[in-house]
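Q: Protein chains in written order, with the working numbering: chain Y, 86 to 241; chain F, 86 to 241; chain X, 86 to 241. The beta carbon of each residue, even a glycine, is placed where N, CA and C say it ideally should be.
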Amino acid sequence: MATNQIISNRLNTLGIKLPPPSPPAASYVMATTMGPLVFLSGHIARKDGKPWVGKLGKDMDTDAGKSAARAIGIDLIATLQEHLGSLDRVKRIVKVMGLVNSTNEYTDQHLVINGCSELLFDVFGEAGVHARSAFGVAQIPLGSCVEIELIAEIHT
Amino acid sequence: MATNQIISNRLNTLGIKLPPPSPPAASYVMATTMGPLVFLSGHIARKDGKPWVGKLGKDMDTDAGKSAARAIGIDLIATLQEHLGSLDRVKRIVKVMGLVNSTNEYTDQHLVINGCSELLFDVFGEAGVHARSAFGVAQIPLGSCVEIELIAEIHT
Amino acid sequence: MATNQIISNRLNTLGIKLPPPSPPAASYVMATTMGPLVFLSGHIARKDGKPWVGKLGKDMDTDAGKSAARAIGIDLIATLQEHLGSLDRVKRIVKVMGLVNSTNEYTDQHLVINGCSELLFDVFGEAGVHARSAFGVAQIPLGSCVEIELIAEIHT
Numbered sequence: 086m087a088t089n090q091i092i093s094n095r096l097n098t099l100g101i102k103l104p105p106p107s108p109p110a111a112s113y114v115m116a117t118t119m120g121p122l123v124f125l126s127g128h129i130a131r132k133d134g135k136p137w138v139g140k141l142g143k144d145m146d147t148d149a150g151k152s153a154a155r156a157i158g159i160d161l162i163a164t165l166q167e168h169l170g171s172l173d174r175v176k177r178i179v180k181v182m183g184l185v186n187s188t189n190e191y192t193d194q195h196l197v198i199n200g201c202s203e204l205l206f207d208v209f210g211e212a213g214v215h216a217r218s219a220f221g222v223a224q225i226p227l228g229s230c231v232e233i234e235l236i237a238e239i240h241t
Numbered sequence: 086m087a088t089n090q091i092i093s094n095r096l097n098t099l100g101i102k103l104p105p106p107s108p109p110a111a112s113y114v115m116a117t118t119m120g121p122l123v124f125l126s127g128h129i130a131r132k133d134g135k136p137w138v139g140k141l142g143k144d145m146d147t148d149a150g151k152s153a154a155r156a157i158g159i160d161l162i163a164t165l166q167e168h169l170g171s172l173d174r175v176k177r178i179v180k181v182m183g184l185v186n187s188t189n190e191y192t193d194q195h196l197v198i199n200g201c202s203e204l205l206f207d208v209f210g211e212a213g214v215h216a217r218s219a220f221g222v223a224q225i226p227l228g229s230c231v232e233i234e235l236i237a238e239i240h241t
Numbered sequence: 086m087a088t089n090q091i092i093s094n095r096l097n098t099l100g101i102k103l104p105p106p107s108p109p110a111a112s113y114v115m116a117t118t119m120g121p122l123v124f125l126s127g128h129i130a131r132k133d134g135k136p137w138v139g140k141l142g143k144d145m146d147t148d149a150g151k152s153a154a155r156a157i158g159i160d161l162i163a164t165l166q167e168h169l170g171s172l173d174r175v176k177r178i179v180k181v182m183g184l185v186n187s188t189n190e191y192t193d194q195h196l197v198i199n200g201c202s203e204l205l206f207d208v209f210g211e212a213g214v215h216a217r218s219a220f221g222v223a224q225i226p227l228g229s230c231v232e233i234e235l236i237a238e239i240h241t
């Protein structure tokens, strides 16, 4: 079975249907390729196609933040598929940077971003395990609660 | 016409004269090369050679922030020229990370960083189109209103 | 003398004993390799094995922040040694991103992150000089005062 079928099957098993890729919010593109590296732009959390607005520690709890991070993970995979043509070109997920819209007191950013990290592992298996930074920011474009960017390695 | 002349002409047409490259604010360098990748350090916004101080949502509006981001774009190009010797070594702009000094309520970081993204497109054309993350941070060194780092691909 | 011995000697001269590598705080790994690049996850400041809690501009001064950044530098080197088997595989430090847990007014993030940058120079010499971004964030996982991620180039 080709890798792509494995990943398609995993997406099916997880009940995940990839959404239309996110459009850029401004003057840039959602992905660039440089040799074996793909750089994905920061994807903001969306719900029903609109920015998923909220600030952790104020009007959103860790579980909701984790759900938002998981939703971004799905959007990142949709962008990879759109950009690469097929997910079987993904060799591994190298690095994730996760930004959490946080009050000055909220300190569970790592648990929020786990929503994305666990999804990547569920979909890509060992190839989905990545290096990561997570931290709390003052705000995110359009008031979104979480923003995540990603670097992947591809087969060339 | 060599690429460098095209870019020089574009800079002239845009009325842009590259300033002296920004010095590092501390113990590091403004650029490193790793194979085909050039990593530029975070450049803070400057006005008349001094930090361009301000916080979006408090004492600075989106248009002023966008002007600051455009000024950083020019500084980034000046650093590329200094580091590479010639801008014709730039193959493309791969990735931009834009940090906006923001209140906890300001949510137009993407419009601010467009000031840099649009300048890169104006100067490099399609080779200037990049992946990007933009978000709001609590503060930036020396109180500067915007900070931008950049990854470029070069001809090797 | 092999590079590794030079680095070991420098660590000895500096009185630095590498600690056990930091464990990930969540669902990820502390380092990934992609060809000649090693991406280290964001390492949070720790003191006596526990998160080094504090916010610059509120309950921690610049000198203490700089010490925390230096401690992270040592942790980053410990992770490199663990991940690579030997520090002589490090060709150079390419890029550092330093996040400082800051109030909305604190503006000396660059001086804080110098604690790490200077340590990297002391240990690796010219090969330790890197590009860098430093900025202030609303919070860091577990309330830690500083978080630093790093990209290194390795001999392949």
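Does Thr118/F come out as helix, strand or coil in the three-state DSSP assignment?
A: As a working note, residue 118/F is residue 33 in the second sequence. It is a strand residue.
Q: Could you check where the alpha helix (DSSP H) with Glu167/X kicks off and where it finishes?
A: To locate residue 167/X, count along the third sequence from 1; it is residue 82. Glu167/X -> alpha helix (DSSP H) spans Thr147 to Leu169.
Q: Please classify Gln166/F: is it buried, with 16 or more other beta-carbons within 10 angstroms of its beta-carbon, or exposed?
A: Stepping through the second sequence from its first residue, residue 166/F is reached at position 81. So Gln166/F ends up on the buried side.
Q: Helix, strand or coil, according to DSSP, for Leu96/Y in the structure here?
A: The residue labelled residue 96/Y in the question sits at position 11 within the first sequence. In this structure, Leu96/Y counts as helix in the three-state DSSP scheme.
Q: Please identify the residue among Arg177/F, Lys176/F, Ile178/F and Ser218/F whose C-alpha is closest to the C-alpha of Leu196/F.
A: Taking the second sequence and counting its residues from 1, the one referred to as residue 196/F is at position 111. Answer by Cα proximity: Ser218/F.
Q: I'd like the ranges of any beta strand (DSSP E) spanning at least 3 consecutive residues and lying wholly in the region 166 to 237 of chain Y.
A: Segments of the beta strand (DSSP E) lying fully in the region 166 to 237 of chain Y: 175 to 186 and 216 to 222.
Q: Can you pull the chain F residues whose beta carbon is under 9 Å from the beta carbon of Cys238/X, in chain order?
A: Mapped onto the third sequence, residue 238/X falls at position 153. Residue 238/X is actually Glu in this sequence, not Cys. Within 9 Å Cβ-Cβ: Thr117, Met119 and Gly120.
Q: What in chain B is Cβ-close to Val114/F, meaning under 9 Å?
A: In the structure shown, chain B does not exist; the protein chains are Y, F and X.
Q: Apart from the five residues just before and just after Ala237/X, which ones in its own chain have a Cβ nearer than 8 Å to its Cβ?
A: Reading the third sequence from its first residue, position 152 is the one you call residue 237/X. The answer, listed in chain order, is Leu122, Val123, Leu125, Leu165, Val175, Lys176, Arg177, Ile178 and Val179.
Q: State whether the region 179 to 193 of chain Y contacts the region 226 to 237 of chain Y, with contact taken as three or more CB pairs (one from each stretch) at a distance under 8 Å.
A: In short, these stretches touch, since the Cβ pair count reaches three.
Q: Whose CA, out of Asn189/X, Phe220/X and Val185/X, lies closest to the CA of Ala153/X?
A: The sequence position of residue 153/X within the third sequence is 68, counting from 1. Looking at the Cα atoms, Val185/X is the closest of the given residues.
Q: Buried or exposed: Asp146/X, going by 16 or more other Cβ atoms within 10 Å of its Cβ?
A: Walking along the third sequence from the start, residue 146/X turns up at place 61. So Asp146/X ends up on the exposed side.
Q: Does any C-beta atom of chain X lie closer than 9 Å to the C-beta of Leu184/F?
A: For the purposes of this step, residue 184/F is taken as the residue at position 99 of the second sequence. With 9 Å as the cut-off, Leu184/F counts as an interface residue toward chain X.
Q: Whose CA, out of Gln194/X, Gly210/X, Ala223/X and Leu204/X, lies closest to the CA of Ile127/F?
A: Along the second sequence, one-based indexing puts residue 127/F at 42. One point to set straight first is that residue 127/F is Gly, not Ile, in the sequence displayed. Taking only the C-alpha atoms, the option nearest Gly127/F is Gln194/X.
Q: May I ask you to report which of helix, strand or coil DSSP gives Ile239/X?
A: Numbered from 1 along the third sequence, position 154 holds the residue referred to as residue 239/X. Note: Ile239/X maps to strand in three-state DSSP.
Q: Under the assumption that Ser187/Y contacts Gly139/Y (Cβ atoms under 8 Å), give the Cβ distance between them as a whole number of angstroms.
A: In the first sequence, the residue the question calls residue 187/Y occupies position 102. In the first sequence, the residue the question calls residue 139/Y occupies position 54. At roughly 10 Å, the Cβ-Cβ gap does not stay under 8 Å, so Ser187/Y and Gly139/Y are not in contact.
Q: Closer than 9 Å, CB to CB, is Gln166/Y near chain X or not?
A: As a working note, residue 166/Y is residue 81 in the first sequence. Taking Cβ atoms only, chain X never reaches closer than 9 Å to Gln166/Y, which makes this a no.
Q: Can you check whether the C-beta of Gly228/F is within less than 9 Å of a C-beta belonging to chain X?
A: Residue mapping note: residue 228/F aligns to position 143 of the second sequence, counting from 1. Closer than 9 Å: yes.
Q: Mark Thr117/F as exposed unless 16 or more other C-beta atoms lie within 10 angstroms of its C-beta, in which case mark it buried.
A: By one-based count along the second sequence, residue 117/F stands at place 32. Under this definition Thr117/F is a buried residue.
Q: Can you find the residues in the same chain that come closer than 6 Å, C-beta to C-beta, to Arg95/F, ignoring five residues on each side of it along the sequence?
A: Taking the first residue of the second sequence as position 1, residue 95/F is located at position 10. Around Arg95/F: Val208.
Q: Quick one: which residues of the region 177 to 207 of chain X get their C-beta closer than 8 Å to a C-beta of chain Y? List them in chain order.
A: Result list: Met182, Leu184, Thr188 and Asn189.
Q: Pop quiz: Gly150/Y and Val222/Y are said to be a contact at Cβ under 8 Å. What is the actual Cβ separation, rounded to whole angstroms?
A: Looking up residue 150/Y in the first sequence gives position 65. Looking up residue 222/Y in the first sequence gives position 137. The pair is not a contact, with the Cβ atoms about 13 Å apart (cut-off 8 Å).
Q: Grouping DSSP H, G and I as helix and E and B as strand, with all else coil, what is Ile91/X?
A: For the purposes of this step, residue 91/X is identified with residue 6 of the third sequence, where counting begins at 1. Ile91/X: helix per DSSP, three-state reduction.
Q: In chain order, what residues of the same chain have a beta carbon less than 7 Å from the beta carbon of Pro226/Y, not counting five sequence neighbours either side?
A: For the purposes of this step, residue 226/Y is taken as the residue at position 141 of the first sequence. Excluding sequence neighbours, Pro226/Y sits near Ala110 and Ile129.
Q: Counting only the same chain and skipping the five closest in sequence on each side, list residues whose C-beta sits under 6 Å from that of Leu169/Y.
A: As a working note, residue 169/Y is residue 84 in the first sequence. Closer than 6 Å at Cβ, skipping near neighbours: no residue.
Q: For Asn199/F, which residues of its own chain have a beta-carbon under 8 Å away from its beta-carbon, when the five flanking residues on both sides are left out?
A: In the second sequence, counting from the first residue as 1, residue 199/F sits at position 114. So the qualifying residues of the chain are Lys151 and Ala154.
Q: I need the straight-line Cα distance from Glu190/Y to Gly228/F, nearest angstrom please.
A: As a first step, residue 190/Y must be located in the first sequence, where it is residue number 105. As a first step, residue 228/F must be located in the second sequence, where it is residue number 143. Rounded to the nearest angstrom, the two C-alpha atoms are 22 Å apart.
Q: State yes or no: is the C-beta of Gly158/X within less than 9 Å of the C-beta of Ser202/X?
A: On the third sequence, position 73 is the one that residue 158/X refers to. On the third sequence, position 117 is the one that residue 202/X refers to. Cβ atoms of Gly158/X and Ser202/X: closer than 9 Å.
Q: Roughly how many angstroms separate the alpha carbons of Leu99/X and Thr241/X, rounded to a whole number?
A: Indexing the third sequence from 1 puts residue 99/X at position 14. Indexing the third sequence from 1 puts residue 241/X at position 156. Cα to Cα, the separation comes out at about 28 Å.
Q: From the DSSP secondary-structure annotation, give me the bridge partner or partners of Leu103/Y.
A: Position 18 of the first sequence, counted from the first residue, corresponds to residue 103/Y. Beta-bridge pairing links Leu103/Y to no other residue.
Q: Which of helix, strand or coil does DSSP assign to Ser126/Y?
A: Numbered from its first residue, the first sequence carries residue 126/Y at position 41. The answer is strand: DSSP assigns Ser126/Y an E or B state.
Q: Going by C-alpha to C-alpha distance, which of Ser171/F, Asp160/F and Tyr113/F sits closest to Pro136/F?
A: As a first step, residue 136/F must be located in the second sequence, where it is residue number 51. The residue with the shortest Cα to Cα distance from Pro136/F is Asp160/F.
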